[in-house]
Amino acid sequence: MKPTKLKQIARWCNGTLEPQDGNVEVLGVSTDSREVKPGQLFVPLPGARVDGHNFIHRAVENGAVAVLNAREKRPAGVPYVQVSDTLTAFGSIAAGYRQTMQAKVLAITGSVGKTTTKEMLAAILQRQFRTVRTEGNHNNNLGVPMSVMDIEEDTEIAVLELGMNHFGEMSYLTKIARPDMAIFTNIGTMHIENLGSREGILRAKMEILEGMGSDGVVVMNGDEPLLWNLRDSMAFKHYYFGIDNVACDVRAAQIRSDNDGVRFTVLAFGQEFEVFVPANGQHTVYNALAAITAAMLSGATAESMAAGLASFENTGARQRIYEKNGYTIIEDCYNAGPESMAAALEVLGERACEGRKFAILGDMLELGSLAMAEHYRVGRLAVGKADFILAFGVNATRVVTGAISGGMPSNRAMYYDDQDQLIHELRSLARPGDTLLFKGSRGMKMERVLNLFLQNEDEED
């Protein structure tokens, strides 16, 4: 964040402050009193168990020069801006700060692949431009303002991730981020319980356009019919990427996969070049194409794109593939929906393996009335890709039924309503040389299954 007077911050959020505090200079913003750095504004947020206002004193001790305050009791000994709600005020401050920037903002949305595409795009752009990106998956009404406030004065391009699970949320975020470019990875079924249908999901995602100026640019997946059908009605300049749709502006051809990753030829805007991405699956190609399209429109060279993608690393628990105790682990525990579950099973199926392949799958949440059918479909998809299925959750029986109906032997498809039971069974079945996929929605805590399984293996070593 560039230095900003407290009186300007108060104007942005319609807050009030003591006149003598107006020229206090703020160098940054923090919402965690433990991580406040000297010169920052502390934003105390109310939580489920604790209220950040209770830690204003700690923030001041750590160097906060001012705070937001939404309580009737005024904080003593520190300049403050009085507001009615600190989270809403934080969003307004970020929106105001965004208007002062020269940086171009590229905003990524979609049902799956947002974070991966963001990391790929940043890896490309940072080779030519002063680039910042959303840290982790800070893509909500707290994370987006934090990401905006982290943009420094000399930044040329900011790559932001915008997420939502209800109508109106994207509208709020885009009016903070004010993107110059909107990138749609796909339209899937994540959060369909809240949004009713894929068409509803599309409508909610399209709210991102509300924050764009008339010269904004849109990048979309041309293999997704819901997005392709917008081509004649889109008010913004728009470009498509894809694999199957030959009318797309940017395409992938000659796709080759092995255990190290995926290689393909890019056909884009009259250019042709080769890239390698150290990740597996067709979804990786789509994510890379989205990043390539946005990067080319931003002025990146073919050399930067090839080098940036080759250096890409997945973040968090997203499809990390590694060797441990003789096993090949595919750790993909961050989240799950029908599209990402199918992609993970594709990776498992394509991977060369000297032993057997296990799919350890947790429920996919927020699918509403589609839950039973989609879990059954996942079971069918796993046939031929996994030798064993160990499913956990309320819908685990549907996964197993789908697998058995698709031809998997019944003694190789098992369901559990208790994680410890699953772990015990996995320990008895798995052997060094096997490949194990761990995948499920965030709320299923599949990383616990993985960690306890590996912990036991460490103890045996």
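Each step along the sequence shown adds one to the number in my numbering, with nothing skipped, and position 424 is 429.
Every residue gets a Cβ at the ideal spot worked out from N, C-alpha and C, and that includes glycine.
Note that the coordinates shown come from a computational prediction; the quantities given were computed from them, not determined experimentally.
Identify whether residue i lies in helix, strand or coil by the three-state DSSP scheme.
| i | result |
| --- | --- |
| residue 11 | helix |
| residue 357 | coil |
| residue 444 | strand |
| residue 451 | helix |
| residue 429 | helix |
| residue 226 | strand |
| residue 466 | In this predicted model, residue 466 has a pLDDT of only 47, less than 50, meaning its place in the structure is not dependable; the value taken from the coordinates is given anyway. Residue 466 falls in the coil class under three-state DSSP. |
| residue 138 | strand |
| residue 26 | helix |
| residue 21 | strand |
| residue 243 | strand |
| residue 152 | helix |
| residue 165 | strand |
| residue 289 | helix |
| residue 131 | coil |
| residue 33 | strand |
| residue 276 | strand |
| residue 399 | coil |
| residue 458 | helix |
| residue 328 | strand |
| residue 194 | coil |
| residue 333 | strand |
| residue 157 | coil |
| residue 437 | coil |
| residue 410 | helix |
| residue 306 | coil |
| residue 183 | coil |
Bridge partners for residue i per DSSP, in chain order?
| i | result |
| --- | --- |
| residue 394 | 364 and 418 |
| residue 114 | 189 |
| residue 104 | The partner list for residue 104 (beta bridge, DSSP) is empty, contrary to what the question assumes. |
| residue 352 | According to DSSP, which records beta bridges pairwise, residue 352 is partnered with nothing at all. |
| residue 172 | Answer is none; residue 172 lacks a bridge partner. |
| residue 404 | Paired residue(s): none; residue 404 is not in a bridge. |
| residue 281 | 268 |
| residue 109 | 162 |
| residue 388 | 391 |
With a threshold of 7 Å between beta-carbons, can residue i be considered close to chain D, or not?
| i | result |
| --- | --- |
| residue 425 | No chain D appears in this structure, which consists of one protein chain only. |
With a cut-off of 8 Å on the beta carbons, I'd call residue i and residue j a contact; round off their distance for me.
| i | j | result |
| --- | --- | --- |
| residue 401 | residue 421 | 6 Å |
| residue 121 | residue 226 | With a Cβ gap of about 14 Å, residue 121 and residue 226 do not count as contacting. |
| residue 99 | residue 180 | So it is not a contact: roughly 10 Å between Cβ atoms. |
| residue 72 | residue 46 | 7 Å |
| residue 254 | residue 241 | With 8 Å as the limit, residue 254 and residue 241 do not qualify as a contact, their Cβ atoms being about 14 Å apart. |
| residue 476 | residue 105 | As shown, the chain starts at 6 and ends at 466. That puts residue 476 outside it, with no answer to give. |
| residue 58 | residue 49 | 4 Å |
| residue 65 | residue 20 | Not quite, the Cβ-Cβ distance comes to about 18 Å (not below 8 Å), so this is no contact. |
| residue 315 | residue 290 | Actually they do not touch by this definition, with Cβ atoms about 14 Å apart. |
| residue 224 | residue 295 | 6 Å |
| residue 301 | residue 278 | Rounded, the Cβ-Cβ distance is 10 Å, inconsistent with contact. |
| residue 4 | residue 362 | What is shown of the chain runs 6 to 466, which leaves residue 4 out entirely. |
| residue 1 | residue 212 | Any answer about residue 1 is impossible in this case: the structure gives the chain only from 6 up to 466. |
| residue 353 | residue 440 | 7 Å |
| residue 130 | residue 303 | 6 Å |
| residue 119 | residue 194 | With a Cβ gap of about 15 Å, residue 119 and residue 194 do not count as contacting. |
| residue 355 | residue 262 | 6 Å |
| residue 22 | residue 12 | 7 Å |
| query | Looking at C-beta atoms only, is the number of pairs between the region 263-270 and the region 280-293 that lie closer than 8 Å three or more? | reply | yes
| field | Those runs of the beta strand (DSSP E) which lie wholly inside the region 35-96 and span at least 3 residues | value | 45-47, 71-74 and 85-87
| query | In chain order, which beta strand (DSSP E) runs of at least 3 residues are fully inside the region 248-272? | reply | For the region 248-272, whole beta strand (DSSP E) runs of length 3 or above, ordered along the chain, are 255-263.
| request: Report yes or no: do three or more beta-carbon pairs, one from the region 170-182 and one from the region 136-149, lie closer than 8 Å? | output: yes
| field | Contact the region 181-189 vs the region 96-115: 3+ CB pairs below 8 Å | value | Contact holds: three or more Cβ-Cβ distances are below 8 Å.
| message | With a threshold of 8 Å, are at least 3 pairs of Cβ atoms found where one atom belongs to the region 427-441 and the other to the region 388-403? | response | yes
| request: Indicate whether the contact test is met: 3 or more Cβ pairs, each with one atom in the region 339-357 and one in the region 297-311, closer than 8 Å. | output: no
| request: Taking 8 Å as the threshold, find out whether the region 443-459 comes into contact with the region 367-374 through three or more Cβ pairs. | output: yes
| task | May I ask you to verify whether the region 56-72 touches the region 26-39, counting CB pairs closer than 8 Å and requiring at least 3? | result | yes
| query | Is it a yes or a no for the region 438-446 touching the region 324-340, going by three-plus beta-carbon pairs under 8 Å? | reply | Touching, yes, given that three or more Cβ pairs across the two stretches are closer than 8 Å.
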